[in-house]
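Residue numbers (the numbering used here): 23 to 107.
This report concerns only the one structure given below.
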């Protein structure tokens, strides 16, 4: 799980690193979000495959939890910025 955490965690940053070295004409936030959702989709599919459960259930659970975690992290960051500035 550690390796998957690191690999999936790098996905949102990867597009920004690529853009730094080779500027892209893309909305980096949207591109990063789509790539991250794709990574969570893959993890959900693999989880369902390994556990021999329904693929749709595994994908929805994993993408949903990832989305909730991202939303919470965004609002915690916004709150901390407001409190510290």
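All residues carry an ideal CB built from backbone N, CA and C; glycine is no exception.
Test item: CB-CB of residue i and residue j under 8 angstroms
i	j	result
residue 52	residue 66	no
residue 90	residue 57	no
residue 50	residue 62	no
residue 92	residue 79	no
As assigned by DSSP and simplified to three states, the class of residue i
i	result
residue 47	coil
residue 107	coil
residue 53	helix
residue 58	helix
Endpoints, alpha helix (DSSP H) assigned at residue i
i	result
residue 18	The question about residue 18 has no answer, for the chain in this structure spans 23 to 107.
Residue i versus residue j: straight-line alpha-carbon distance, rounded
i	j	result
residue 83	residue 48	29 angstroms
residue 73	residue 107	47 angstroms
residue 94	residue 88	10 angstroms
residue 29	residue 36	10 angstroms
residue 76	residue 85	14 angstroms
residue 99	residue 23	25 angstroms
residue 54	residue 97	18 angstroms
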